[in-house]
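The structure under discussion appears below in the form of structure tokens.
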Amino acid sequence: MAKKYQPVSLDEEPFLEKGERSEMQEKLTWTGESESLTSVFHNLSPHWIWLAHTILLSASVLLFAFSFCAKTAKISDLEYTQKYSAWSPAASAVKYETQHFDLPPIAKGPFIGKGDDVDARWDYISAIGDTMISHEEMVNLGLDPAISLKITDPDGKPGYRVAVEVFHQLHCLNLLRQNVYRDYYAPLGGDTSAPEMDLRGHLDHCIDALRQFVMCQGDIGVFSFNFPFNDGDPWPDYSTPHTCRNFESIRQWAVDHTVPRGPDEPEH
Numbered sequence: 096m097a098k099k100y101q102p103v104s105l106d107e108e109p110f111l112e113k114g115e116r117s118e119m120q121e122k123l124t125w126t127g128e129s130e131s132l133t134s135v136f137h138n139l140s141p142h143w144i145w146l147a148h149t150i151l152l153s154a155s156v157l158l159f160a161f162s163f164c165a166k167t168a169k170i171s172d173l174e175y176t177q178k179y180s181a182w183s184p185a186a187s188a189v190k191y192e193t194q195h196f197d198l199p200p201i202a203k204g205p206f207i208g209k210g211d212d213v214d215a216r217w218d219y220i221s222a223i224g225d226t227m228i229s230h231e232e233m234v235n236l237g238l239d240p241a242i243s244l245k246i247t248d249p250d251g252k253p254g255y256r257v258a259v260e261v262f263h264q265l266h267c268l269n270l271l272r273q274n275v276y277r278d279y280y281a282p283l284g285g286d287t288s289a290p291e292m293d294l295r296g297h298l299d300h301c302i303d304a305l306r307q308f309v310m311c312q313g314d315i316g317v318f319s320f321n322f323p324f325n326d327g328d329p330w331p332d333y334s335t336p337h338t339c340r341n342f343e344s345i346r347q348w349a350v351d352h353t354v355p356r357g358p359d360e361p362e363h
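If you count the sequence shown from 1, you need to add 95 to reach the numbering used here.
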């Protein structure tokens, strides 16, 4: 019996698996879309292309400008203090300024020596009352309100008595000055008239408090040595610039926020 032959289709699809056909269709579709997009871009007016470039360039410039301003913007004194110092109720009083120290070879000035005028100068910068903070502020400092001295201000508001560090440090320096002139100050009463062991303990306390403060600050300023002094010997020139906190601003804040001392409240 004669065999019947069927014509063979030249279409390759029957020889492709289903997945391969789908992949080929996707490629053809993508190719068609790409060619379509290309033709659209080619047909765009050159003015639109330049407009798009201008918009992209402007956006890039704006982003760069915002980034540059954010990095170089000067922070305020308050922001700087809050960032690099422990929390303090007096932070708002801090103002930074450049000062030059005045330390001549022979010490002289209104804070040097003894006497009523010198004492008045030291009292002005060190004899400042304490202030008061709230329970929440005590917690911010990491202090325990349960064991801290609780007081009430003249308006009846409760809080906790605290002292600003700088005035304690100045008190210690003043005690060292008075001890240098102990023969003058001891007969007048005050700290230098205390018994020998008590005075020595007070002085040791102050010396170590000042040591810790100076080491904490770690002043990295430098000074040079100038000629001539004392037949040609060099002498340090301490009149170099320092970045300081304005003391009058801090003192005024402390005066404005001073609370009266109670009869049974201790001195420090």
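We treat Cβ as the ideally placed atom computed from N, Cα and C, and that holds for glycine. Remember, predicted model here, so these are calculated numbers, not experimental data.
DSSP places Ile207 in the coil class of the three-state scheme, outside both helix and strand. DSSP, reduced to helix, strand and coil, places Phe342 within a helical segment of the structure shown. When secondary structure is reduced to three states using DSSP, Val275 falls in the helix class. The Cβ atoms of Ile246 and Gly254 lie closer than 8 Å to each other. Residues of the same chain with a CB within less than 7 Å of the CB of Ser229, apart from the 5 flanking positions on each side, are Gly254 in chain order. The Cβ atoms of Asn274 and Trp217 do not sit closer than 8 Å to each other. Taking one beta carbon from each stretch, the region 189-207 and the region 322-339 have 3 or more pairs nearer than 8 Å; the two touch. Rounded to the nearest whole angstrom, the CA to CA distance from Asp250 to Ser187 is 23 Å.
Taking the C-beta atoms as reference points, Gln264 is found no nearer than 8 Å to Ala202. When only Cα atoms are considered, Asp211 and Ile170 end up about 43 Å apart.
Of the residues Gly208, Lys190, Gly204, Ile302, the one whose Cα lies closest to the Cα of His266 is Ile302. Annotated three-state conformation of Phe320 is strand, per DSSP.
Residues of the same chain with a CB within less than 8 Å of the CB of Asp172, apart from the 5 flanking positions on each side, are Val189, Lys190, Tyr191 in chain order. Our two residues, Asp214 and Gly285, have alpha carbons roughly 12 Å apart in a direct line. The straight-line gap separating the alpha-carbon atoms of Ala181 and Arg356 is approximately 25 Å. With respect to the 8 Å criterion, Phe318 and Pro329 are not classified as neighbours on the basis of their beta carbons.
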